[in-house]
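Heads up, the thing below is written out as structure tokens.
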Amino acid sequence: MPWEVEPQALRWHPAFETGVAAVDGGHRRVFAAAADALDAMVQGRPDDELIVRVARLDTELHAHLLPEEAAWAAVDPTDALVQAHRASHQQVPPPERAASAADPGLAQTVQHLADALAWFCH
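According to my numbering, the stretch in the sequence shown is residues 700 to 821, in order.
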């Protein structure tokens, strides 16, 4: 079912740039996958399509975590912001693949991914 009220679009903003190409590229891929999943929700796309898009977001997020941690560790692993961001990675659940819309893990996966994006945008 499409939403009756159009939600705020998820867009990359130059203020999110870190100056570390590997990190910024990963963030852009995560944002693109998140925008794609959000679009599927807003447009009321079929559940099977939403599952594919959420799985892509889940994959992009997890593919980004280790390279980002390595990049920040190379900068200054003792920096408080680096440590806080690394701790936020511990809140990201392990990769999940919902087999169908009836899978109770789908809603939990969507919620965890939304929480991760909300943290990033804070």
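Built from N, CA and C at the ideal position, the CB exists for glycine as well. In this text, all values refer to a predicted model and were calculated from it rather than measured experimentally.
Contact belief for residue i with residue j at Cβ below 8 Å, rounded distance in angstroms
i, j, result
"Pro792", "Ala721", "Not really, about 23 Å apart at Cβ, beyond 8 Å."
"Trp651", "Arg728", "Here the chain has residues from 700 to 821 only, and residue 651 is not among them."
"Glu759", "Ala736", "The pair is not a contact, with the Cβ atoms about 10 Å apart (cut-off 8 Å)."
"Glu768", "Arg785", "6 Å"
Contacting residues, own chain, Cβ-Cβ under 7 Å from residue i (five flanking each side not counted)
i, result
"Asp723", "Glu716, Thr717"
"His761", "Pro794"
"Ala770", "Val719, Ala721, Val722"
"Gly725", "His763, Pro766, Glu767"
Selection from the options that minimises the alpha carbon distance to residue i
i, options, result
"Phe730", "Ile750, Val741, Leu709", "Leu709"
Beta-carbon proximity list for residue i, same chain, < 8 Å, skipping 5 on both sides
i, result
"Ala779", "none"
"Pro713", "none"
"Val781", "Trp771, Ala772, Val774, Asp775"
"Leu756", "Val729, Ala732, Ala733, Asp735, Ala736, Leu812"
Start-to-end residues for the alpha helix (DSSP H) that takes in residue i
i, result
"Trp771", "746 to 774"
"Leu709", "Taken as a continuous stretch (DSSP letters only), Leu709 belongs to no alpha helix (DSSP H), as it is neither H nor E."
"Gly725", "720 to 741"
"Gln782", "779 to 788"
Contact set for residue i: own chain, Cβ-Cβ below 6 Å, skip 5 residues either direction
i, result
"Leu749", "Ala739"
"Arg752", "Asp735, Ala736, Ala739"
Below-8 Å beta-carbon distance, residue i vs any chain B residue
i, result
"Leu765", "Absent here is chain B; the protein component of the structure consists of one chain."
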